[in-house]
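Enquirer: Here it is, the structure, as C-alpha cells.
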Amino acid sequence: MSTPPMRAFADNGGGTLVAALQRRRQRTAFVFALLVLLVAATSIVSLGLGAVSIPPSRTFAALWTGLTGSPADANAARDSLVILNIRLPRTLLGLMVGASLAVCGALMQGLFRNPLADPGLVGVSSGAALAAAIVIVLGERFLPYLPFATLPFVALPIAAFLGGLLFTYVLYVLSSGSGRTSVATLLLAGVALGAMAGAVTGLLTFLSNDQQLRDLTFWSLGSLGGATWTKVTTILPAFIPLAIALPFLGRSLNALSLGEAEAFHLGLPVERIKRIVIVVVALAVGAAVASAGVIGFVGIVVPHLLRLAIGANHKVLLPASALLGAALLLASDILARLIVSPAELPIGILTAAIGAPFFLWLLLARRKMVT
Amino acid sequence: MIDIIARPLSRRSLLQVAGLSAAIIAVGSTGVIAQDASPKRIVAVGGAVTEILYALGAAERIVGIDTTSLYPPSALKDKPNVGYMRQLSAEGVLSLSPDIVLVSAGSGPPPALKLLEEAGVRLVTIPDTPTAAGVVEKIRAIGRAVGLEDKAAALAADVEKRFAAVAKARETVSKPVKVLFVLAMQSGRPLVAGTGTAADGMIALAGATNIGAGFSGYKAMTDEAIITAAPDIVVMMAREGLHADPDTVFANAALSATPAGAGRRLVTADGHWLLGFGPRSPEAVAYLMQAFFPDLPQVRALSASEHLPAEAGK
Numbered sequence: 010m011s012t013p014p015m016r017a018f019a020d021n022g023g024g025t026l027v028a029a030l031q032r033r034r035q036r037t038a039f040v041f042a043l044l045v046l047l048v049a050a051t052s053i054v055s056l057g058l059g060a061v062s063i064p065p066s067r068t069f070a071a072l073w074t075g076l077t078g079s080p081a082d083a084n085a086a087r088d089s090l091v092i093l094n095i096r097l098p099r100t101l102l103g104l105m106v107g108a109s110l111a112v113c114g115a116l117m118q119g120l121f122r123n124p125l126a127d128p129g130l131v132g133v134s135s136g137a138a139l140a141a142a143i144v145i146v147l148g149e150r151f152l153p154y155l156p157f158a159t160l161p162f163v164a165l166p167i168a169a170f171l172g173g174l175l176f177t178y179v180l181y182v183l184s185s186g187s188g189r190t191s192v193a194t195l196l197l198a199g200v201a202l203g204a205m206a207g208a209v210t211g212l213l214t215f216l217s218n219d220q221q222l223r224d225l226t227f228w229s230l231g232s233l234g235g236a237t238w239t240k241v242t243t244i245l246p247a248f249i250p251l252a253i254a255l256p257f258l259g260r261s262l263n264a265l266s267l268g269e270a271e272a273f274h275l276g277l278p279v280e281r282i283k284r285i286v287i288v289v290v291a292l293a294v295g296a297a298v299a300s301a302g303v304i305g306f307v308g309i310v311v312p313h314l315l316r317l318a319i320g321a322n323h324k325v326l327l328p329a330s331a332l333l334g335a336a337l338l339l340a341s342d343i344l345a346r347l348i349v350s351p352a353e354l355p356i357g358i359l360t361a362a363i364g365a366p367f368f369l370w371l372l373l374a375r376r377k378m379v380t
Numbered sequence: 004m005i006d007i008i009a010r011p012l013s014r015r016s017l018l019q020v021a022g023l024s025a026a027i028i029a030v031g032s033t034g035v036i037a038q039d040a041s042p043k044r045i046v047a048v049g050g051a052v053t054e055i056l057y058a059l060g061a062a063e064r065i066v067g068i069d070t071t072s073l074y075p076p077s078a079l080k081d082k083p084n085v086g087y088m089r090q091l092s093a094e095g096v097l098s099l100s101p102d103i104v105l106v107s108a109g110s111g112p113p114p115a116l117k118l119l120e121e122a123g124v125r126l127v128t129i130p131d132t133p134t135a136a137g138v139v140e141k142i143r144a145i146g147r148a149v150g151l152e153d154k155a156a157a158l159a160a161d162v163e164k165r166f167a168a169v170a171k172a173r174e175t176v177s178k179p180v181k182v183l184f185v186l187a188m189q190s191g192r193p194l195v196a197g198t199g200t201a202a203d204g205m206i207a208l209a210g211a212t213n214i215g216a217g218f219s220g221y222k223a224m225t226d227e228a229i230i231t232a233a234p235d236i237v238v239m240m241a242r243e244g245l246h247a248d249p250d251t252v253f254a255n256a257a258l259s260a261t262p263a264g265a266g267r268r269l270v271t272a273d274g275h276w277l278l279g280f281g282p283r284s285p286e287a288v289a290y291l292m293q294a295f296f297p298d299l300p301q302v303r304a305l306s307a308s309e310h311l312p313a314e315a316g317k
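Chains A and H supply the protein sequences, listed in that same order. Going by our numbering, the residue at position 66 of the first sequence is 75; the numbering climbs one at a time, nothing skipped. Going by our numbering, the residue at position 299 of the second sequence is 302; the numbering climbs one at a time, nothing skipped.
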C-alpha cells in the first residue's frame with residue numbers, strides 16, 4: 010500500500026539504511042506535528058463556531074466561568090451554557106468517536122491483514138446498529154424486565170457493544186479457518202452479516218411506530234447533535250481501554266503482518282492478541298455507534314491516507330489514525346452544523362460524501378497496481 | 004432536505020436584523036415593552052403550531068419554524084428553518100434568541116429540549132390529538148402561551164362551530180362507507196393508515212370506517228387483505244411525483260379488485276391540509292364527507308372555503 014523501505018533504497022542508489030530510516034522518521038515526526046496541530050485547530054473551531062455566534066473573547070470567558078464559577082450576566086450565562094453544555098461535550102464526543110472509528114479501522118485492517126477491513130464495511134457497525142435499533146424499537150417492551158432498567162441511558166451503549174462484539178466474533182470465526190484469514194471470505198461474510206442486520210432492522214422498521222421510525226432513520230445517518238455530558242461519560246469507559254491498549258497493539262500487529270504462523274514463532278501470543286483486538290474494536294465501535302449513530306468511512310479513509318503518508322508501521326499508524334480520525338470527524342461536524350444552520354445535517358452524509366469517492370479512488374488505484 | 008441546503012445562508016442574519024429593527028420600531032412607536040405574557044420572539048415547531056400562530060396574527064413574532072411548517076406557504080420562505088421537528092438542534096434554536104419555543108407533541112430529541120430549558124428558554128409543548136377537541140385544545144394552548152387568549156378563544160369557537168356543523172352532517176349518514184387511506188405506494192404495495200394515525204382520525208370525523216383499523220401506524224397491506232377488506236373509496240395525498248390519479252392507483256391489481264376500483268373512487272387532497280389537524284381541518288373533513296357521501300345535501304354548504312386547495316386528481 011505504502012512506500013516500502015525497499016523502494017527508498019532503490020531510489021537513492023548509494024544511500025544507506027540509516028539515512029532512509031532517518032528520513033522516514035523525520036517525515037513521521039512532521040506528520041505527527043501536523044496532526045496534533047490539526048486536532049487542536051479543529052477543536053478550537055468546533056468550540057468557537059456554531060449557530061449561536063459568540064466572539065472568541067467571550068468563548069474563552071465562557072470556558073473560564075465554567076472553571077471558576079457563576080457568570081457575570083444573562084448574556085454570559087447563555088454563552089457559557091452554549092459553550093460548556095453544547096459545544097464542549099460535542100467536541101469531546103467528536104474527538105472520541107472520530108479517534109475510535111479511525112483506530113478501529115486501522116486495528117481491523119491490521120488484524121485481518123487486509124486494507125479493506127473496516128468496522129462499517131464488514132458489518133461490525135451493522136451489528137452495533139442492529140442492537141441499538143432493537144433497543145430503540147423494542148426497548149419499551151423488554152427494558153422493564155432487565156436489571157439495568159433503572160439506567161435506560163446505558164442500555165443503548167451496552168446493547169451496541171454486545172451487537173458489535175457478536176458480529177466481530179462471528180466475522181472472525183467465519184473468515185479465519187485453518188489458521189489463515191481469508192480475504193474473500195472476510196468481505197463476503199461481512200456483506201452477509203450486513204445483509205442479515207439489514208433484514209432484522211427492516212423487520213424492526215415494520216414494527217416501529219412513526220416516532221421510532223424517524224429516530225431510526227436519522228440515527229442511521231449519524232449525528233453528534235445529541236451530544237451531552239451523559240453521552241460523553243458513557244463513551245468514556247469504552248474509549249479508555251482503546252487508549253490503553255493502543256501502545257501495546259502496534260508491535261503485535263506489526264508482527265502479525267508477517268502472517269499468523271510467523272508471528273507465533275516470534276513469540277507472540279497470537280490468539281490472545283486477536284481476542285484483545287476484537288473486544289477493543291467491538292467496545293469502541295459499539296460505544297461510538299451508540300452515542301453518535303452510524304458514521305461511515307472514517308475507519309477506512311483515515312488509515313489509508315496515513316499509510317500513504319507515513320507507512321504501514323502500526324506503532325505510528327495507530328496513534329496517527331486516532332489524531333486524524335478525531336480531526337476529520339470534528340471538521341465534518343463543524344460543516345454539518347454550519348451548512349444549513351440553524352438546522353443540522355446528519356454527519357454521516359458528510360463523511361460518506363467525502364469517504365465514498367475516496368474509497369472508489371482507492372479501489373481503482375489498487376486495480377491499477379494489480380494489473 | 005435539498006431545499007434547505009439550497010437556501011442562502013445569509014437569510015437568517017438578514018431576518019435577525021430585520022426582526023430587530025422591526026422590534027425597535029415597534030417598541031419605539033408604542034412605548035410599551037412586552038412582558039413575559041406576550042413573548043416577542045417565537046420559534047414554532049410543528050405544522051399546526053405555525054398555522055395557528057399565523058391564524059392568530061402572530062406571524063411577525065415568529066422568528067423560526069421547522070420543516071413541517073408548510074402552511075401558509077410563505078412561512079417556509081420567510082422564516083429561518085430549525086430543521087425537522089424530531090431532530091432539532093439546541094444551538095440552532097438558541098441562535099434565534101427565542102423568548103418561547105412552542106413544540107408540537109412528539110418533537111425532540113429530548114436532550115435538545117432539555118438544553119433549551121436549561122438555557123432559560125420557555126418551552127411549551129402543544130398537545131397533538133387527532134380529534135376535533137384536539138384541534139380546539141391546540142388553539143387554546145397556543146393562545147395561552149403567546150398571550151393571545153382572546154383571539155385564540157374566537158378562533159377556537161369558530162373551529163368548534165365548524166366541527167359541530169360537520170358532526171351534524173355526519174349524523175345524517177345512513178350508509179357508512181369503508182375507506183382505505185394510502186400513505187404511499189411502497190414498491191407497488193400500498194402503505195395503509197391504521198389506528199392512531201391522523202388519517203384514521205380524519206376518516207372517523209368524516210363519518211366513514213377506516214379498514215386499516217386492525218393495526219396501528221402505517222403498515223404495508225397485502226393484496227389479499229385489501230381485497231378482503233373491500234374498501235369503497237381510496238384516499239391519498241396529492242403531491243408532486245406521487246401520481247395519485249385513478250389510472251395509476253387502480254393499475255394495482257388488488258386495488259382494482261375492490262369496490263373502490265370498480266367505481267374508480269379515489270379521493271386526493273393536500274397532505275398537510277388533510278392530516279394537519281389545524282384550523283383548516285373542518286374544511287378538510289367536509290371535503291372528505293362530500294367525496295364519501297355525494298348525496299348528502301348538508302355537506303355541500305360546509306365545503307365552501309377560501310382555504311380549499313386545488314382538488315388534484317379528482
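Ideal Cβ placement from N, Cα and C applies to all residues, glycine included. All of these numbers come straight from a predicted model, not from anything done at the bench.
1) Shorter than 8 Å from the beta carbon of Pro-112(H) to some beta carbon of chain A?
2) Give me the Cα-Cα distance between Pro-355(A) and Met-240(H), rounded to the nearest whole angstrom.
3) Note down the Cα distance separating Val-323(H) from Gly-95(H), rounded to an integer number of angstroms.
4) According to DSSP, simplified to helix, strand and coil, what is Asn-218(A)?
5) Can you give me, in chain order, the residues of the stretch 84 to 100 of chain H that have a beta carbon less than 7 Å from any beta carbon in chain A?
6) Just to make sure I have the definition right: I need the residues of chain A whose C-beta is within less than 9 Å of the C-beta of Glu-121(H). Which are they?
7) Just reading off the alpha helix (DSSP H) that Pro-75(H) is part of, what are its end residues?
8) Taking a contact to mean a Cβ-Cβ separation below 8 Å, would you say Val-176(H) touches Leu-99(H) in this structure?
9) Can you list, in chain order, the residues of its chain whose CB lies under 7 Å from that of Val-162(H), leaving out five sequence neighbours each side?
10) Verify whether the separation of the beta carbon atoms of Gly-123(H) and Leu-91(H) is less than 8 Å.
11) What first and last residue would you give for the alpha helix (DSSP H) that runs through Ile-230(H)?
12) Rounded to whole angstroms, what is the Cα-Cα separation between Pro-256(A) and Gly-129(A)?
13) According to DSSP, simplified to helix, strand and coil, what is Tyr-221(H)?
14) According to DSSP, what are the bridge partners of Gly-67(H)?
15) Taking a contact to mean a Cβ-Cβ separation below 8 Å, would you say Met-205(H) touches Val-149(H) in this structure?
16) Do you know whose CA, among Val-349(A), Leu-183(A), Val-179(A), Val-294(A), lies nearest Ile-167(A)'s CA?
17) Which residues in the same chain have their Cβ closer than 7 Å to the Cβ of Thr-33(H), if we skip the five residues on either side of it in sequence?
18) Could you pull the DSSP bridge partners for Val-237(H) from this structure?
19) Below 8 Å, how does it come out for the stretch 322 to 334 of chain A and the stretch 278 to 290 of chain A: are there three or more Cβ pairs, yes or no?
20) What are the boundary residues of the alpha helix (DSSP H) that includes Val-106(A)?
21) Identify which residue in Val-131(A), Thr-226(A), Asn-218(A) has its Cα closest to the Cα of Thr-194(A).
22) Got a sec? Which residues, its chain only, sit under 6 Å from Ser-229(A) by beta carbon, not counting five neighbours each side?
23) Is the stretch 241 to 259 of chain A close to the stretch 199 to 213 of chain A, with three or more CB pairs under 8 Å?
24) If I'm right that Phe-280(H) touches Ala-201(H) with Cβ under 8 Å, what's the distance once you round it to whole angstroms?
25) Rounded to a whole number of angstroms, what is the C-alpha to C-alpha distance between Leu-175(A) and Ala-247(H)?
26) Assuming Val-106(A) and Ser-300(A) make a contact with CB atoms under 8 Å, what is their CB distance in whole Å?
27) Do Thr-212(H) and Ala-233(H) have their CB atoms nearer than 8 Å?
28) Where Lys-178(H) and Phe-296(H) are concerned, what is the direct C-alpha to C-alpha distance, given to the nearest angstrom?
29) Can the beta-carbon of Leu-262(A) be found closer than 8 Å to that of His-313(A)?
30) Under 7 Å, CB to CB, which of the residues in the stretch 236 to 250 of chain A have a partner in chain H?
31) Find the residues of chain H that neighbour Asp-82(A), judging by a C-beta separation of less than 7 Å, and give them in chain order.
32) Note down, in chain order, all residues in the stretch 45 to 73 of chain H with a beta-carbon under 7 Å from any beta-carbon belonging to chain A.
33) Excluding the 5 residues preceding and the 5 following Arg-267(H) in the sequence, name in chain order all residues of the same chain whose CB lies nearer than 7 Å to its CB.
34) Just to check my reading of the structure: Leu-327(A) and Val-40(A) have Cβ atoms closer than 8 Å, yes? What is that Cβ distance to the nearest angstrom?
Expert: In short:
1) yes
2) 28 Å
3) Any answer about residue 323(H) is impossible in this case: the structure gives chain H only from 4 up to 317.
4) coil
5) Asn-84, Val-85, Gly-86, Arg-89, Gln-90, Ser-92, Ala-93, Glu-94, Gly-95, Val-96, Leu-97, Ser-98, Leu-99
6) Leu-90, Asn-94
7) It is not in any alpha helix (DSSP H) - Pro-75(H) carries neither H nor E in the DSSP assignment.
8) no
9) Val-138, Val-139, Ile-142, Pro-282, Pro-285
10) no
11) Element bounds for Ile-230(H): 226 to 232.
12) 24 Å
13) Of the three classes helix, strand and coil, the one that applies to Tyr-221(H) here is strand, per DSSP.
14) Beta-bridge analysis with DSSP links Gly-67(H) to Val-46(H).
15) no
16) Val-294(A)
17) Low confidence applies to Thr-33(H): its pLDDT is 42, below 50, so where it sits in the model is not reliable enough to give any reading.
18) Residue pairing for Val-237(H): DSSP places it in a beta bridge opposite Leu-183(H), Leu-269(H).
19) no
20) 97 to 120
21) Val-131(A)
22) In the same chain as Ser-229(A), and ignoring 5 residues on each side of it, the C-beta atoms closer than 6 Å to its own belong to Val-303, in chain order.
23) no
24) In this structure Phe-280(H) touches Ala-201(H) by the C-beta definition: roughly 6 Å separates them, less than 8 Å.
25) 45 Å
26) 7 Å
27) no
28) 9 Å
29) Not closer than 8 Å, so no.
30) Thr-237
31) By Cβ distance, chain H contributes nothing, its closest Cβ being about 12 Å from Asp-82(A), past 7 Å.
32) Listed in sequence order: Gly-67.
33) Pro-249, Phe-253
34) With 8 Å as the limit, Leu-327(A) and Val-40(A) do not qualify as a contact, their Cβ atoms being about 13 Å apart.
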